[in-house]
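Presented below is the structure to which this report refers.
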Amino acid sequence: MKKVILGDHAVSYGALLSRVQTIAAYPITPQTLIVERLSEMTANGELDAIFTKVESEHSAMASTVGSSAAGARAFTATSAQGLALMHEMLHWAAGARLPIVMANVNRAMAPGWTIWTDQNDSLSARDVGWMQVYCQNNQEVLDSIILGYKVSEQVDLPTMVILDAFVLSHTAEGVDIPDIKKVDEFLPPYKPEIKMDINDPRSFGALTSPDVYMEFRYKMQQAMDKAKKVIVEEGKKFGEMFGREYGLIEEYKTEDADTILIASATVASTARAVIDELREKGEKVGLVRIRVFRPFPTEEIIKVLEGRKKVVVIDRNISFGKTGIFFDEVKGAFYNSKGNKPPMFGYIAGLGGRDVTPKVIREIVEDALNKDKPESEIIWKGVKL
Amino acid sequence: MKHSDKDVKIKGASDMPEMPASLGSMAHNKTASWRNLKPVIDESKCIKCFICWKFCPDAAIDFIDENTSPKINYDYCKGCGICAHECPVKCIDMVEEER
Ligand code: SF4
Ligand code: SF4
Numbered sequence: 000m001k002k003v004i005l006g007d008h009a010v011s012y013g014a015l016l017s018r019v020q021t022i023a024a025y026p027i028t029p030q031t032l033i034v035e036r037l038s039e040m041t042a043n044g045e046l047d048a049i050f051t052k053v054e055s056e057h058s059a060m061a062s063t064v065g066s067s068a069a070g071a072r073a074f075t076a077t078s079a080q081g082l083a084l085m086h087e088m089l090h091w092a093a094g095a096r097l098p099i100v101m102a103n104v105n106r107a108m109a110p111g112w113t114i115w116t117d118q119n120d121s122l123s124a125r126d127v128g129w130m131q132v133y134c135q136n137n138q139e140v141l142d143s144i145i146l147g148y149k150v151s152e153q154v155d156l157p158t159m160v161i162l163d164a165f166v167l168s169h170t171a172e173g174v175d176i177p178d179i180k181k182v183d184e185f186l187p188p189y190k191p192e193i194k195m196d197i198n199d200p201r202s203f204g205a206l207t208s209p210d211v212y213m214e215f216r217y218k219m220q221q222a223m224d225k226a227k228k229v230i231v232e233e234g235k236k237f238g239e240m241f242g243r244e245y246g247l248i249e250e251y252k253t254e255d256a257d258t259i260l261i262a263s264a265t266v267a268s269t270a271r272a273v274i275d276e277l278r279e280k281g282e283k284v285g286l287v288r289i290r291v292f293r294p295f296p297t298e299e300i301i302k303v304l305e306g307r308k309k310v311v312v313i314d315r316n317i318s319f320g321k322t323g324i325f326f327d328e329v330k331g332a333f334y335n336s337k338g339n340k341p342p343m344f345g346y347i348a349g350l351g352g353r354d355v356t357p358k359v360i361r362e363i364v365e366d367a368l369n370k371d372k373p374e375s376e377i378i379w380k381g382v383k384l
Numbered sequence: 000m001k002h003s004d005k006d007v008k009i010k011g012a013s014d015m016p017e018m019p020a021s022l023g024s025m026a027h028n029k030t031a032s033w034r035n036l037k038p039v040i041d042e043s044k045c046i047k048c049f050i051c052w053k054f055c056p057d058a059a060i061d062f063i064d065e066n067t068s069p070k071i072n073y074d075y076c077k078g079c080g081i082c083a084h085e086c087p088v089k090c091i092d093m094v095e096e097e098r
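Those sequence lines, one after another, are chains A and B. Here the first sequence stands for residues 0 to 384, where the numbers follow numbering that gives the first Met the number 0. Here the second sequence stands for residues 0 to 98, where the numbers follow numbering that gives the first Met the number 0.
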């Protein structure tokens with residue numbers, strides 16, 4: 000069934016179709032619509048779940064960790080300051096190896112107080128052990144929630160499904176809402192091997208000596224490596240069942256491209272139109288959208304960038320004191336590749352929700368096309384001086 | 000058999016669970032090695048009030064019956080000294096451990 004829905008409601012439908020059993024909810028703009036709709040769905044009986052109103056985001060993740068450890072398919076959603084407040088519990092969810100799925104609506108961090116989009120909230124949670132999926136449209140948002148549980152429950156790591164504030168969260172798009180029976184076929188009920196059970200008690204997350212702590216961390220990394228395969232396999236299966244395939248990265252007109260533009264989220268979907276325009280002018284440019292940021296698609300990036308003349312990365316985020324974060328990661332991934340290394344241009348644009356329009360992207364690509372080398376590690380696009 | 004009855008020894012990552020959860024009973028995890036001072040009850044002075052038994056944070060003091068002094072379980076007692084502090088007749092002595 001096709002419906003015209005907001006990105007936030009695409010998340011709610013994704014959770015409904017995944018038959019989540021617990022939802023811990025604390026409101027924060029621009030996420031609130033997600034849990035609001037889920038509260039309606041639980042109240043009217045559409046969704047058989049326990050809906051818990053908590054007093055903070057820290058409690059939201061703590062409660063989600065608890066219900067997941069007890070064997071429930073657990074869900075919550077947040078944004079920006081809320082994600083920052085639950086940071087300690089993000090470590091707990093990943094370290095406890097719980098297949099939680101959470102939606103994070105990318106909102107810039109305060110101060111200055113803001114509600115508009117950029118990626119610094121989720122990227123500040125880069126190293127906690129969560130998988131991160133950056134979505135480009137509302138359909139992908141819905142599908143990624145279902146896929147999130149399918150992958151997480153196989154690798155025992157949580158998934159953060161990420162969508163841009165307002166550009167997706169509060170924008171209505173046509174979305175295919177799959178039949179729940181078909182989703183049931185794709186996503187069977189969650190049955191963990193180890194869970195909290197009062198009839199066979201265990202200790203969870205107890206004091207872990209230097210004897211074994213490192214081994215637990217080794218296993219988390221192994222799970223991330225396994226996730227790379229599982230994400231691709233399940234993305235294919237999803238494609239066979241629902242007609243929409245997903246992977247770690249998405250290529251657009253890259254085959255014969257000399258210059259590769261790398262972007263994520265809605266900046267990447269806008270960039271496709273720019274690639275078409277530049278192609279018409281005879282420029283051999285192509286686009287790589289990084290969909291999954293953790294686990295990072297290192298091998299895929301090397302493969303697609305080897306032999307190119309230029310690489311252009313647009314970051315809607317910044318690691319203060321370094322560069323754009325995607326730019327840094329792409330460069331790092333590429334360092335040990337064998338072939339010639341093309342010059343890489345790192346642009347920062349669209350912080351705090353400033354629009355990244357086709358014009359902005361076109362100017363960025365044209366700027367890089369006109370130069371042999373980047374003049375600095377960061378090239379600020381559109382900053383007023 | 001419940002997993003909580005098992006005594007599990009771990010070799011490395013290959014036989015560890017994914018999540019840091021116990022595979023066996025914590026009873027096999029004897030914590031007495033942490034102890035520097037060892038509580039010793041002078042039973043001749045003990046009035047069998049069982050205040051020490053209530054206060055021990057590790058449940059390392061065993062209740063036998065109302066007419067018998069409680070017994071300290073030295074496999075788990077960590078030597079915090081709370082029992083000695085709380086004893087109303089001060090009949091618990093904290094003695095240095097010899098190693
Ligand atoms: S010293 Fe502490 S741990 Fe040991 S028996 Fe007394 S109260 Fe319990
Ligand atoms: S607190 Fe002292 S007196 Fe009371 S039972 Fe314990 S050792 Fe005996």
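Heads up, the beta-carbon is just placed ideally off N, CA and C, and yes, glycines get one too. Predicted model only: the values in this text are computed from it and were never measured.
Distance from the Cα of residue 81 of chain B is smallest, within the candidate group B:9, B:38 and B:14, for B:38. Between the stretch 96 to 112 of chain A and the stretch 230 to 237 of chain A there are fewer than three inter-stretch CB-CB distances shorter than 8 angstroms, so the stretches are not counted as touching. Closer than 7 angstroms to some heavy atom of ligand 1: that describes the Cβ of residue 54 of chain B. Counting only the Cα atoms, residue 87 of chain B lies some 14 angstroms from residue 55 of chain B.
Residues are counted here when their Cβ sits less than 7 angstroms from a Cβ of chain A; for the stretch 70 to 96 of chain B the count is zero.
Interface with chain B (8 angstroms Cβ-Cβ cutoff): residue 259 of chain A is excluded. In terms of CA proximity to residue 218 of chain A, B:17 leads the group B:17, B:4 and B:9. Chain B has no Cβ within less than 8 angstroms of the Cβ of residue 71 of chain A. In this structure, DSSP gives residue 122 of chain A a helical state, which the three-state scheme calls helix. Annotated three-state conformation of residue 73 of chain B is coil, per DSSP. Looking at A:381, A:64 and A:69, the one whose alpha-carbon comes closest to that of residue 196 of chain A is A:69. The DSSP-derived three-state label of residue 159 of chain A is strand. Taking every protein chain shown into account, the CB of residue 358 of chain A has fewer than 16 other CB atoms within 10 angstroms, so this residue is exposed. Shown here, residue 379 of chain A sits in a strand according to DSSP, grouped into three states. Under a criterion of Cβ atoms nearer than 8 angstroms, no residue of chain A is adjacent to residue 59 of chain B; the nearest Cβ is some 17 angstroms distant. When the Cα atoms are used, residue 139 of chain A and residue 170 of chain A turn out to be separated by approximately 14 angstroms.
Its chain contains 32, 33 and 168 as the residues whose beta carbon lies nearer than 6 angstroms to that of residue 7 of chain A, once the 5 sequence neighbours on both sides are disregarded; these appear in chain order.
By the Cβ rule, the stretch 173 to 191 of chain A does not count as touching the stretch 49 to 60 of chain A, because fewer than three pairs are nearer than 8 angstroms. Residue 121 of chain A and residue 100 of chain A have their alpha carbons spaced roughly 14 angstroms apart.
If the five residues before and after residue 36 of chain B are omitted, its C-beta is found closer than 8 angstroms to the C-beta atoms of 78, 80, 93, 94, 95 and 96, all from its own chain and listed in chain order. Segment contact: the stretch 209 to 216 of chain A against the stretch 139 to 154 of chain A, fewer than three CB-CB distances shorter than 8 angstroms; contact not assigned. According to DSSP, residue 61 of chain B shares a beta bridge with B:70.
Within chain B, 20, 21 and 25 have C-beta atoms less than 8 angstroms from the C-beta of residue 202 of chain A, given in sequence order.
Residue 12 of chain B belongs to the set of residues whose beta carbon lies under 8 angstroms from a beta carbon in chain A. Of all alpha-carbon atoms in A:15, A:45 and A:74, the one lying nearest the alpha-carbon of residue 21 of chain A is that of A:74. Runs of the alpha helix (DSSP H) lying entirely within the stretch 197 to 261 of chain A, each at least 4 residues long, are 212 to 241 in chain order. Interface annotation for the stretch 26 to 57 of chain B against chain A: empty, criterion Cβ-Cβ distance under 8 angstroms.
Distances from the CB of residue 45 of chain A to the heavy atoms of ligand 2 are all 7 angstroms or more. By the C-beta criterion, the stretch 318 to 329 of chain A is judged to be in contact with the stretch 345 to 358 of chain A, since at least 3 inter-stretch pairs fall below 8 angstroms. Judged by the Cβ position, residue 71 of chain B qualifies as a neighbour of ligand 1 at the 7 angstroms threshold, a heavy atom of the ligand being closer than this.
Residue 16 of chain A and residue 203 of chain A have their C-alpha atoms spaced approximately 30 angstroms apart.
If you draw a 10 Å sphere on the C-beta of residue 247 of chain A, you find 16 or more other C-beta atoms in it, and that means buried.
C-alpha of residue 332 of chain A to C-alpha of residue 269 of chain A: approximately 25 angstroms in a straight line. Contact annotation: the stretch 299 to 312 of chain A touches the stretch 363 to 378 of chain A, with at least three C-beta pairs closer than 8 angstroms.
Taking 8 angstroms as the threshold, the shortest C-beta distance from residue 218 of chain A to chain B falls below it.
Judged by DSSP in its simplified three-state form, residue 275 of chain A adopts helix.
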